[in-house]
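Asks: So the protein lines, in turn, are chains A, B, C and D. Residue numbering for the first sequence follows my numbering, starting at -13 and increasing by one per position. Residue numbering for the second sequence follows my numbering, starting at -13 and increasing by one per position. Residue numbering for the third sequence follows my numbering, starting at 202 and increasing by one per position. Residue numbering for the fourth sequence follows my numbering, starting at 202 and increasing by one per position. The beta carbon of each residue, even a glycine, is placed where N, CA and C say it ideally should be.
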Amino acid sequence: MNTHHTFPGIAARAARTDATGSIPPENWQDLKDSGYLRLFHPPHLGGTGADAATQVQAMEALARACSGTYWSATVSALLCAKLISTYGDERHHRLIRPLLTGDRLAAFAIVEPAAGSDPATYRTTVRPTGNGYTVNGEKSRITNAPNADLAVTLARRDKPADDTGPDWCLAFVDLNQPGVRRYDIPHMGLRGMPWGGIVYTDAHIDESDVIPLPFTELAEGMTWGWLLVSIAAVATAESALTASVRHARRRISFGRPLAHMEGVQAQLADSRTHIDAARLLAHRGAAERVAGASARDLIGMLKIYATEMSVQVTARAVQIHGATGVTQGHEVERHYRDAQMNVIGAFATNRLREQIAEHLGLGPAVYRPFDWLTPTGLTHDPVSLDGLTTG
Amino acid sequence: MNTHHTFPGIAARAARTDATGSIPPENWQDLKDSGYLRLFHPPHLGGTGADAATQVQAMEALARACSGTYWSATVSALLCAKLISTYGDERHHRLIRPLLTGDRLAAFAIVEPAAGSDPATYRTTVRPTGNGYTVNGEKSRITNAPNADLAVTLARRDKPADDTGPDWCLAFVDLNQPGVRRYDIPHMGLRGMPWGGIVYTDAHIDESDVIPLPFTELAEGMTWGWLLVSIAAVATAESALTASVRHARRRISFGRPLAHMEGVQAQLADSRTHIDAARLLAHRGAAERVAGASARDLIGMLKIYATEMSVQVTARAVQIHGATGVTQGHEVERHYRDAQMNVIGAFATNRLREQIAEHLGLGPAVYRPFDWLTPTGLTHDPVSLDGLTTG
Amino acid sequence: MVFPHHPARPDGASPSAKAAQELADRTQELTHRLARPTTADRDRRRQWDDTLLTALCDPTGPHLAGLLVPQSLGGAGLTATQTCHILDTLGEGSRDPGLGLALTVHTALATVPLRALGTTAQRERYLPRMASGEWLGALSLRQTQSTASPPTITARPAPERPGGWILHGRADLVALGPQAHHFLVIAEHDDTTRTAFVIDRDTPRLHVHSTDQAAMPTCPWATLQLDDCLVLPDAVLGTVRGAATETEPLLATLDWIFTSAPWLGIMRALTHDALAAAGTRTLFGTPLAHGQSTRFALADIATRGELAAGLLHHAAAQFDADGRPSRRDAAAARLFTVTAARAVTQDAARLIGPAAADGDHLVERAHRDALFFASTGGGTDVLHPVIAASLLGSGRP
Amino acid sequence: MVFPHHPARPDGASPSAKAAQELADRTQELTHRLARPTTADRDRRRQWDDTLLTALCDPTGPHLAGLLVPQSLGGAGLTATQTCHILDTLGEGSRDPGLGLALTVHTALATVPLRALGTTAQRERYLPRMASGEWLGALSLRQTQSTASPPTITARPAPERPGGWILHGRADLVALGPQAHHFLVIAEHDDTTRTAFVIDRDTPRLHVHSTDQAAMPTCPWATLQLDDCLVLPDAVLGTVRGAATETEPLLATLDWIFTSAPWLGIMRALTHDALAAAGTRTLFGTPLAHGQSTRFALADIATRGELAAGLLHHAAAQFDADGRPSRRDAAAARLFTVTAARAVTQDAARLIGPAAADGDHLVERAHRDALFFASTGGGTDVLHPVIAASLLGSGRP
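1) For Q344(C), tell me which candidate among H585(C), T577(C) and T232(C) has the shortest Cα-Cα distance.
2) V159(A): which of L267(A), T34(A), A137(A) and G118(A) sits nearest, CA to CA?
3) Quick one: list the residues of chain B neighbouring S53(A), beta-carbon separation under 9 Å, in chain order.
4) Assign H(-10)(A) to buried or exposed, taking buried as 16 or more other Cβ atoms, counted over all protein chains shown, within 10 Å of its Cβ.
5) Can you tell me whether DSSP reads N130(B) as helix, strand or coil?
6) Shorter than 8 Å from the beta carbon of S230(A) to some beta carbon of chain C?
7) Closest to E124(A) by C-alpha separation, out of D148(A), T115(A), F94(A) and N117(A), would be which residue?
8) Does DSSP classify F574(D) as helix, strand or coil?
9) Quick one: what does DSSP say L337(D) is sitting in, helix, strand or coil?
10) Residues of chain B with a CB under 8 Å from the CB of H585(C): which are they?
11) Look at D392(D) and R357(D) and say whether their C-beta atoms are less than 8 Å apart.
12) Please report the straight-line C-alpha distance between H206(D) and A509(D), rounded to a whole angstrom.
13) If you compare alpha carbons, which of V196(A), L244(A), T313(A) and T(-8)(A) is closest to N117(A)?
14) Please determine, among T293(B), N328(B), R83(B) and H260(B), the residue with the shortest C-alpha to C-alpha distance to L31(B).
15) From what residue to what residue does the beta strand (DSSP E) around D160(B) run?
16) Exposed or buried, which one is D226(D) when buried takes at least 16 other CB atoms within 10 Å?
17) Could you tell me whether the Cβ atoms of W366(C) and A376(C) are closer together than 8 Å?
18) So, is the C-beta of T365(A) closer than 8 Å to a C-beta in chain C?
19) Here's the rule I'm using: 16 or more other beta-carbon atoms within 10 Å means buried, otherwise exposed. How should Q305(B) be labelled?
20) Just to make sure I have the definition right: I need the residues of chain B whose C-beta is within less than 7 Å of the C-beta of I588(C). Which are they?
21) Taking Cβ positions only, does A234(A) come closer than 8 Å to chain D?
22) Going along chain C in order, which residues have a C-beta closer than 9 Å to the C-beta of E340(B)?
23) Does T483(C) come out as helix, strand or coil in the three-state DSSP assignment?
24) By a C-beta neighbour count over all protein chains shown, 10 Å radius and 16 as the cutoff for buried, is L318(D) buried or exposed?
25) Among the candidates P352(C), G370(C), S411(C) and R371(C), whose CA atom is the shortest distance from the CA of A381(C)?
26) Looking at L291(D) and L269(D), is the spacing between their C-beta atoms short of 8 Å?
27) Going by beta-carbon coordinates alone, are L513(C) and L584(C) separated by less than 8 Å?
28) At 9 Å on the CB atoms, spell out the chain A contacts of H473(D), in chain order.
29) Quick check: the Cα distance between D401(D) and F384(D), rounded to an integer number of angstroms?
30) Terminal residues of the continuous alpha helix (DSSP H) containing F537(D)?
31) Quick check on this structure: which residue in Q163(B), G308(B) and F201(B) has the alpha carbon closest to the alpha carbon of A229(B)?
32) Which residues in the same chain as R247(C) place their Cβ atom closer than 8 Å to its Cβ, once the five residues preceding and following it in sequence are excluded?
33) Mind pulling the chain C residues with CB within less than 7 Å of V352(B)?
34) Using the rule of at least 16 other Cβ atoms within 10 Å of the residue's Cβ for burial, across every protein chain shown, is T321(D) buried or exposed?
35) Going by beta-carbon coordinates alone, are I387(D) and G370(D) separated by less than 8 Å?
36) So, do the stretch 170 to 177 of chain B and the stretch 243 to 251 of chain B have three or more beta carbon pairs nearer to each other than 8 Å?
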């Protein structure tokens, strides 16, 4: 592992990765050489077991170099490998090791075309056959879907009547088989990141690779995903701030560098402060989590804050750059598009707010139909001054 | 003129206009047929002299149909034609008429590659020859630059020593001549709008088409540009809100439509309120201006507010749509990219804030180098608790 | 010049435009002369000044008590737009959000329901005396958002008086309560329908308790207590059980629009103070006015004022001429004005700096009162769904 | 549970971690028992309670006066991080921003410069008595941002006392001034260099005028007036003409970090009140707690608290062990905490609703005091350039 956690080659190729919408093979070679993919796991799984600070620094360094590459690599080597190690057992170590060497790539197949974070709408189902299981259904808007070798797939279990186990399972599905079709979805930001759908038609799964699981337990493993997206957001914001500082020092407007203008200084200072706040929370959350705590609420808060912060910081960067900032191929134009992807990625931010509120003691979310104005007078327009009803 | 000011064909082609980065010829035909291009000018210039409310409604309708087409058409038929009619005289009516019939297209060539709103950095110069004038220099990030027939060009005057006239001029330059080279600049939003640069190399201008002008007077004509960009911002926000309402009514999440969730309602209500505020101000500003007042500060305020508001509303729309909102080709993905263009378009927002502040009685902007921390103790890090200097 | 483009004055073609402008001029003169010099002191002493009220209500003066009473009943007969303009002037001239609220409650919230929904007898009994300021009307600010908050006053048929009602319960936050001659009250029946009543203060078993309130202390506050009060049929305003379609939407809309109007003037006064501070205070050795952050803040302050005025005047104008009052536009205007008032207060405070030794401390008072202003009218929790319902529909899908 | 993850307590391995936690526990107990029940009343009466101070400063109790005084000089010898934690506890326990500010001014702003820059004689004279609370130190909050604001006190050589100085001028906003035994003052020489002094209250021609201040009324306020006061060489703190590199950056950083710390506790107390209101108030017939906007607001409140605590603890920790104090990180922590305090106050006010009849009105007091908090420490006009300068460089290009 390069102790500086920098990825100069990947950074140099970032604009092209975005423009072509695909991660060049050299990036993968750099990732393998750097040891990045091994950082997050203990030696017995093929990892190097770095401490939390190192993990966070490495993640931020890669995300700064190229956010699309970061997403693809980290979904596989961190999130998917953690899901397998958390919910699987020794039999699944064989699936983890190639993710850490970079020989194989994994996707976390959870969302379906019908809706986002709401599992009630998910239809993908795993059924027993005489020989293992088959899976049928469609997963959509999945990082690495177009080119992954393995999908950690959330599915319903088709249960016999006497099966009292959970309704859900995680299935580790080999994607290189005839029952699997993949497609790309073009996307606004993180264009280098492969993103798309997976259609399962009687795809085969070995019996040992289906792990029954109550849905509520999944949040534990997904917390790694919130950390992943938060650090992407911090890195994108930091890159946008760095570009803004450089521009502000160089750009002459009205006879002096932008840097001499208080309005620009205020924007830079706010960005600096907000990024620092998020990064400190990321280090705290990662430290707790690597030490074995869940840190679920803390990392949930981080995800909410960091992703929305990053959108603001990149928007400020575009404004500081003026028209150059919206020119295609310019760094901040890319950061601006990338930042918004993090807000909607990994888990709807408002679902996280609900979760945090619940843990603050407000109890579970209670929904009711939007009929609360109906019994009031607030669904009527008023009469006018002289009592003429106009509604 | 279609009394409903709707442009169904242009709207239907908007996604394609964005994807291909060029305005289809059918759009121009629709514009000619609709009478849109004639609305802003009195009959003696070939216009139809619509009232202010009609003008604003028509502008918003076209911008909602396709913001790129709106920009291109309105820069030519409103902004450039107003600049010519404001600063020119009867001799220039020949230049205005074809802009209103749609037979020719104009660009406002003001910004140069070195900087944005700061004229001190502009180098383009007009020089007298025996036979009229020549212009040399480069203008960049100009709407319609790649395909306009005529450029209303801001330039310095190369003055004889005894010329006490203004240092600046507006030159009406025919772009279809050998001394003119044009190029495209790919851009994040408003992709259908032609945008790029113009390089003048001894390009010819007729003597009557060079209008000496103090730079400060130019703001009067440019106010039309601020109105143009403000209405684009309002329209983009309205389109994003309409899409959000539709999505919120249809999308089922956690068992009920998004529309039943208070968090979504709050976002929609805020967007509705902020758009209404901007639109009402646009109507007030346009009414004052069409009635002959300058309304410069009012429209300046509008530009500041409407463009930043539109960025917020479109970002909310992306979040309400979730992952579908960042899929390329989806309407809100386009609005999100378009909205940011309006902030940096037409005039730097912070320059407008300066102008408004000046008119509030604060006097002209006073710049000084950023050295104000130097005499204070605030450039030093403190000693630590026991007095060890660490800086 | 503070707001370079004041929202259009009442249309010059309107028959009473000249009269309205005269009232505005008198309001400005009188508030400058009588209210403003005592505002900080009245605020500190939580004091209501009856002399001031009398002068402001004088039909030969600003006639603030009768702005919305028809001329035939002794009022000034202004339009809603003109009234907004005068309340705005009152806010700016007096620099007193509490005084603005108190007069607005009487002039708009207590008056318009009687004018619009009252019987001829009710109109003739109340409106002339309300127009002169002889009788003040009051109501609880908790009753202006329909049943968003739980109803606290009940009505049951009076056993021995056909058509009469027994009212029971309490309502706090009664603005102008200690000074009022009568109260507009909405009471709930046991089937959850509701009726509006106008109840005179001398009704037996009706008690008015003066209360203290941290915000808006220049407005007198009370809790109204009804201990099984018997009220006669002529106290019913509008239709029995009809409040949900009559008084309630009207009160909500009146609150959203008219209690916001004095804040336009308060914002302008704050802008004035901030401009003055920008010209006199120095930071890092230069006048604040030279700093970009000062300049940007003042540009944004002015912009917010223009936008709020535009929304409020638009919503008010819908009450006039052939307009159709719209709860959505009124709610949007309130939502925007609240946010603007807060932002303007905050920006002005930054420019004015900590603990200014002189002046009437408007920025500190406005900051305190803006929080209260934001929490009344239902706050965002009511305004958001009202506006959203206009986009989404309010019932089951 | 309010903040599910409180920022890490002082490191368990530190020798004084147990002692620090004991002080925190005593602070919590005492503020709950003695301060909190009287806070609203002291606030209304603008009253300073000497008994309360004595109890809080008691070296066998919370020892709040001596937190940052080394144990060898009679103090508790805590780290900066531990001190932040205790000031946070003080804010939450007392629910009194003014008390928090008063104690912070003594314990951190007046104490640390003497500890860090004082001579042995100065340290031995002042620090033991400051640690016990016998002597209180005070200073003007206008002197904590170097010369961002124009200096108001001048120093010229005393004609007849070599090494002595004649100080002249006034400084207002002296927190704890009426109670102070001595004052930390920065004075400007005629060449615009500056020297820091520690001046005892009994210095001839030194006058302390108690003043009234709308915000933070539980902190005693004064204006310090120096009418050509003669001070001897031993009153100089640090190097003559050396304030710009010694006392000034230290004071600014101490202000940014330590006066922010009680606000972490205030925010937690507001979260507590907002959670309670969410569980009891109803809107549209359901508990506020069921509404998404309530839930989102509370999630955001909790998140802001975590973020502010993270920045403050990070900036404070740089004073400890091998840390390098950073003006930038301190300024960023202050900037964030100010914004968070405002947002939390505003959100809590929305949930608690207008004019709650009971309780100690923390939300209204905190709203008022947060405005003042935001305007001290230089406000954004100072914080922004300090942070920006760390990115851009502060001099000519």
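Replies: Per the coordinate set shown:
1) T577(C)
2) A137(A)
3) Going along chain B, no residue has its Cβ under 9 Å from S53(A), so there is no contact; the nearest lies around 14 Å.
4) Only weak support is given to the placement of H(-10)(A): the predicted model assigns it a pLDDT of 42, under 50, and the value that follows is read from those uncertain coordinates. Classification of H(-10)(A): exposed, given that the 10 Å Cβ count is below 16.
5) coil
6) no
7) F94(A)
8) Helix, per DSSP.
9) coil
10) Those are E248, Q251, A252, A255 and D256, listed as they occur along chain B.
11) no
12) Any reading at H206(D) needs caution, since the residue's pLDDT is 34, under 50, leaving its predicted position unreliable; the model's value is listed next. Using only the alpha carbons, I get a separation of about 13 Å.
13) V196(A)
14) R83(B)
15) W154 to D160 is the span of the beta strand (DSSP E), which, as asked, contains D160(B).
16) D226(D) comes out exposed.
17) no
18) yes
19) buried
20) Around I588(C), the beta-carbon contacts reaching into chain B at under 7 Å are A255, R258 and T259.
21) Judged by the 8 Å Cβ criterion, A234(A) is in contact with chain D.
22) Q493, R496, F497 and A500
23) strand
24) buried
25) S411(C)
26) no
27) no
28) Going along chain A, no residue has its Cβ under 9 Å from H473(D), so there is no contact; the nearest lies around 10 Å.
29) 6 Å
30) R528 to I553
31) G308(B)
32) Around R247(C): D413, P418 and T419.
33) Within chain C, the residues near V352(B) are H491.
34) T321(D) should be labelled exposed.
35) no
36) By the Cβ rule, the stretch 170 to 177 of chain B does not count as touching the stretch 243 to 251 of chain B, because fewer than three pairs are nearer than 8 Å.
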